[in-house]
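Be aware that the sequence shown starts at 1, since it is given in the numbering used here, and climbs by one per residue.
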Amino acid sequence: MSDSFVEQRREEVIDILTDAFSRDIIGTEQYELRVEEANRRNSVEELNQLVSDVQGLGGGSTALQRYPDPGMQTVRSIFSSQQMDGDWLVHDHVQVNSVFGSTTLDLRRPVLGPLTTITLTAVLGDVKIIVPRGVKVTVDVTPVLGEVKRQNEDQKLLQQVKGFISSFLGEGNEIEPVNPHSHPAARVQVSGQAILGSVYIITKR
Numbered sequence: 001m002s003d004s005f006v007e008q009r010r011e012e013v014i015d016i017l018t019d020a021f022s023r024d025i026i027g028t029e030q031y032e033l034r035v036e037e038a039n040r041r042n043s044v045e046e047l048n049q050l051v052s053d054v055q056g057l058g059g060g061s062t063a064l065q066r067y068p069d070p071g072m073q074t075v076r077s078i079f080s081s082q083q084m085d086g087d088w089l090v091h092d093h094v095q096v097n098s099v100f101g102s103t104t105l106d107l108r109r110p111v112l113g114p115l116t117t118i119t120l121t122a123v124l125g126d127v128k129i130i131v132p133r134g135v136k137v138t139v140d141v142t143p144v145l146g147e148v149k150r151q152n153e154d155q156k157l158l159q160q161v162k163g164f165i166s167s168f169l170g171e172g173n174e175i176e177p178v179n180p181h182s183h184p185a186a187r188v189q190v191s192g193q194a195i196l197g198s199v200y201i202i203t204k205r
């Protein structure tokens, strides 16, 4: 993690704390203590901890980041393809229907809350879910004459399971999510079924 990235996050954290103080979300003592801590800490993870209880609050401030709202958004690929990238995540639950189609969900740029739930149905189609390193992924998918694969950032196959699987993925060295505003303990839960289709969990920087 570069020093410039840590310094940028330090400034953002102090902005978030200042905004929270101005809104009476935290008091004077907490504000002063946290700003002092922000100037001492030297990693994004440590800085994120200082605002984990306030950065999902607030209204229209640009400094005070919001996690995705509770609710469901739907992504459909019927005889077509869709690629969701950039800051596309609006709700914390995503319903994916890929029928004779291809769907890619890229979770590297959106702000992730503590839990992002993805429910999918792939029928003669495929669903690719790209997650940043350090985000834990729980998978409970039932392939019916289909497949579920886990790939690392170099696209090398790490795991292939045919039949019913329920495994915990994403263990290893913790590296910050690409979007530094994400919840420090962000995780993704994937469930559903792949009928003559494929599901890929791809970890990238």
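Backbone N, C-alpha and C define an ideal beta-carbon position, used for all residues, glycine too.
Check: Anticipated Cβ contact below 8 Å, Leu107 with Ile130, distance rounded; Outcome: 6 Å
Check: CB contact flag (Gly192, Thr121, <7 Å); Outcome: yes
Check: Distance, Pro114 Cα to Gly59 Cα; Outcome: For Gly59, the predicted structure reports a pLDDT of 42, less than 50, and the residue's modelled location is therefore unreliable. The matter cannot be settled from this model.
Check: Rounded separation between Val144 and Phe100 - CA only; Outcome: 15 Å
Check: Length at least 3, wholly inside the region 81–106: the beta strand (DSSP E) runs in chain order; Outcome: 81–84, 91–99 and 102–106
Check: Any C-beta of chain D under 7 Å from that of Leu115; Outcome: In the displayed structure, chain D is absent; only one protein chain is listed.
Check: Counterpart residues of Gln73 in DSSP-defined beta bridges; Outcome: Val94
Check: The beta strand (DSSP E) enclosing Ala122, as first and last residue numbers; Outcome: Leu115 to Val123
Check: Beta-carbon proximity check, Val127 vs Thr103, cutoff 7 Å; Outcome: yes
Check: Proximity of Pro180 and Arg9 at Cβ, strictly below 7 Å; Outcome: yes
Check: Span separating the alpha-carbon of Arg133 from that of Asp24; Outcome: 35 Å
Check: Cβ-Cβ distance between Thr117 and His93 below 7 Å; Outcome: yes
Check: With 16 other Cβ atoms within 10 Å as the buried cut-off, status of Gly197; Outcome: buried
Check: Integer Cβ distance of Ser52 from Pro184, believed to fall under 8 Å; Outcome: 5 Å
Check: Simplified DSSP assignment, three categories, for Ala38; Outcome: helix
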